[in-house]
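Peer 1: End of the sequence shown sits at 100 in full-length UniProt numbering; the numbers just go up one at a time, nothing left out.
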Amino acid sequence: MLDIKFTCPNPRCEGFEIQAEIDDIQYDIAEQEDRDSVLTMQSRVICGCGDEPYMVELVAMGGEKTVSVLEHPDIRVKFNDNSGDYTSEMIDLFYAPPDK
Numbered sequence: 001m002l003d004i005k006f007t008c009p010n011p012r013c014e015g016f017e018i019q020a021e022i023d024d025i026q027y028d029i030a031e032q033e034d035r036d037s038v039l040t041m042q043s044r045v046i047c048g049c050g051d052e053p054y055m056v057e058l059v060a061m062g063g064e065k066t067v068s069v070l071e072h073p074d075i076r077v078k079f080n081d082n083s084g085d086y087t088s089e090m091i092d093l094f095y096a097p098p099d100k
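Okay, structure coming up:
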């Protein structure tokens, strides 16, 4: 899950901050072509102040992620990307010695 937050664009909410968890995705390093590795996911988020729904789009690219509100692309979405939090088992897979 990915924690996100952004200010509700509805003027009636007077700067209410929407906080939500959306499904997280990772850049697919297994693909041969970079363009095939980029993944996109959309999630519906509801404002707790005005009950207004917003579609949030997460794009995972090589080395970075972006999150945007589709109906309001000018809104800055803050998020905590913890995809770099690897377990020791995952690190062992990344740094396994080559076969002899």
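Ideal placement from N, C-alpha and C gives every residue a C-beta, glycine not left out.
Is it buried or exposed, residue 2, if we count other Cβ atoms within 10 angstroms and call 16 or more buried?
Peer 2: buried
Peer 1: Taking DSSP as the reference, what is the three-state secondary structure of residue 73?
Peer 2: coil
Peer 1: So what does DSSP say about residue 9, is it helix, strand or coil?
Peer 2: coil
Peer 1: Just how far apart, CA to CA, sit residue 43 and residue 54?
Peer 2: 8 angstroms
Peer 1: Can the beta-carbon of residue 50 be found closer than 7 angstroms to that of residue 12?
Peer 2: yes
Peer 1: Which two residues bound the contiguous beta strand (DSSP E) that contains residue 61?
Peer 2: Looking at the DSSP string, the run of the beta strand (DSSP E) that includes residue 61 is 53–61.
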